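In our numbering, the protein residues as written are 1 to 333.
We put the CB at the ideal spot given by N, CA and C, even for glycine.
Every value quoted in this text rests on a predicted model; they were computed, and no experiment measured them.
Note sheet for the following structure.
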Ligand SMILES: Cc1cc2nc3c(=O)[nH]c(=O)nc-3n(C[C@H](O)[C@H](O)[C@H](O)COP(=O)(O)OP(=O)(O)OC[C@H]3O[C@@H](n4cnc5c(N)ncnc54)[C@H](O)[C@@H]3O)c2cc1C
Ligand code: SF4
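This is the structure:
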């Protein structure tokens, strides 16, 4: 069994952890990543909830643990085929890879905020996404397009999640706590800034999340309003005018801010249509058994890890990716 090749499709944190664990179990993993670099989405974040640890302190050790593992970058896998004693993965560029098994760790895509036209993303220069705010934090400069620092910022929850109109009915799970974390970081980066989060429900489900939510209010003065922004418009001086319904008091509200941050949800990647794997109603790949077999797919030899099966935190992703190696070892013995 030793040194059998296992294909790992996707080089985000799930793929890196799965590959490292597979090598420890005596396999020869081969990572296939569509981008030029491995690391996936987490490599694009600045500091992480719940502790505000720099993202590089999570990504760098994972990369180090996968050092020396054969990696094909710049190759998007578009199809999987069962072959005699294994699986074949076919790239968009025609490359073919064969292994005894494959781990699908293709992660998620960010919701395209332009689809929610009422918020003006792509039209108004000071409407940005949470991913773009992470980039500003990473670059050490949070600014409006004019270069000025914003003094009033609104953060809108559930953009492209829990929204039947755009066909994304699921909760993306990590964006409430991301919005809380980003609100705190805005007050740290821009002393005196006023931050208001608009939410439908606050889902602070994880360890330490509720505490962070409370701290954001008590220590950082963040305001939370239960309500949905029905419309955003641009003023002549490029600020953003919001029409909101405060659903707790049942009153309409108008507010003008310098910057609007849209907490974009996690959606199933558009690619991978031809992997032949069943999907859940939310579009993410379906595990064979959602209780006891979350890393097995319904196709023998094809396994799943990380956010390929739905929104997850880093800890959940990494734990699942470590489990997949043990599952494969047990199945192939
Ligand atoms: C704005 C935001 C902030 C977040 N902040 C935090 C945080 O602070 N703390 C926390 O715990 N979690 C956070 N998360 C969640 C975290 O990003 C995920 O848990 C993590 O990215 C999941 O890793 P993954 O490897 O499953 O997927 P991804 O990071 O999406 O990686 C998937 C990889 O697969 C590659 N790929 C995709 N399709 C193919 C293909 N067909 N062929 C080859 N390669 C392919 C992609 O290029 C990518 O490199 C955040 C999420 C969002 C949206
Ligand atoms: S985690 Fe919060 S912001 Fe994200 S979809 Fe769920 S309720 Fe909305």
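By Cβ distance below 7 Å, which residues in the same chain neighbour residue i in space, the five residues on each side in sequence not counted?
i, result
"residue 329", "25"
"residue 305", "14, 18, 103, 105, 295, 320, 321, 324"
"residue 168", "111, 160, 161, 265, 267"
"residue 331", "none"
"residue 48", "55, 58, 314"
"residue 99", "5, 6, 7, 30, 86, 87"
"residue 93", "75"
"residue 122", "114"
"residue 318", "13, 17"
"residue 278", "286, 298"
Thinking residue i and residue j are a contact (beta carbons under 8 Å), I'd like their distance in whole angstroms, please.
i, j, result
"residue 297", "residue 303", "6 Å"
"residue 195", "residue 222", "5 Å"
"residue 36", "residue 5", "Between residue 5 and residue 36 the Cβ distance is about 23 Å, and since that is not below 8 Å, they are no contact."
"residue 242", "residue 232", "6 Å"
"residue 9", "residue 124", "Rounded, the Cβ-Cβ distance is 37 Å, inconsistent with contact."
"residue 142", "residue 115", "Actually they are not in contact, since the Cβ atoms of residue 142 and residue 115 sit about 25 Å apart, beyond 8 Å."
"residue 337", "residue 263", "What is shown of the chain runs 1 to 333, which leaves residue 337 out entirely."
"residue 193", "residue 145", "About 17 Å; that fails the 8 Å criterion."
"residue 11", "residue 41", "Between residue 41 and residue 11 the Cβ distance is about 11 Å, and since that is not below 8 Å, they are no contact."
"residue 16", "residue 62", "4 Å"
"residue 134", "residue 46", "5 Å"
"residue 107", "residue 269", "7 Å"
"residue 311", "residue 173", "4 Å"
"residue 3", "residue 23", "With a Cβ gap of about 10 Å, residue 3 and residue 23 do not count as contacting."
"residue 224", "residue 202", "7 Å"
Identify, in the order they occur along the chain, each residue of the same chain with its Cβ nearer than 6 Å to the Cβ of residue i, setting aside the five sequence neighbours on each side.
i, result
"residue 210", "204"
"residue 353", "For residue 353 there is no data in the structure shown, the boundaries of the chain being 1 and 333."
"residue 20", "65, 66"
"residue 81", "88"
"residue 256", "239, 241"
"residue 120", "127, 232"
"residue 373", "Missing from the structure shown is residue 373; the chain here goes from 1 to 333 and no further."
"residue 216", "180, 183, 184, 222"
"residue 275", "80"
"residue 345", "This structure gives no information on residue 345, because the portion of the chain shown stretches from 1 to 333."
"residue 200", "158"
"residue 138", "46"
"residue 132", "none"
"residue 118", "231"
"residue 170", "282"
Cutting at 8 Å between CB atoms, please list the residues of its own chain near residue i, excluding the five before and the five after it.
i, result
"residue 245", "227, 228, 230, 251, 252, 253"
"residue 309", "280, 284, 285, 286, 287, 294"
"residue 95", "72, 75"
"residue 289", "296"
"residue 38", "11, 12, 15, 16, 31, 63, 66, 71, 73"
"residue 235", "241, 256"
"residue 326", "21, 25"
"residue 109", "266, 267, 268, 269, 270"
"residue 147", "none"
Count the CB pairs spanning the segment 26-36 and the segment 73-80 that are closer than 8 Å, and state whether there are at least three.
yes
Mind pulling the alpha helix (DSSP H) runs of 4 or more residues that sit fully within the segment 28-95?
56-65
Three Cβ pairs or more, each shorter than 8 Å: is that satisfied between the segment 176-188 and the segment 146-157?
yes
May I have a chain-ordered list of the beta strand (DSSP E) segments no shorter than 3 residues that lie completely inside the segment 228-279?
240-246, 251-257, 259-264
Can you give, in chain order, each stretch of the beta strand (DSSP E) that sits fully within the segment 118-168 and has at least 3 residues?
127-129, 152-159
Complete beta strand (DSSP E) runs within the segment 166-228 (minimum length 3 residues, chain order):
For the segment 166-228, whole beta strand (DSSP E) runs of length 3 or above, ordered along the chain, are 194-199.
Please give me, in chain order, every unbroken run of the beta strand (DSSP E) with length at least 3 that falls completely inside the segment 277-317.
302-304
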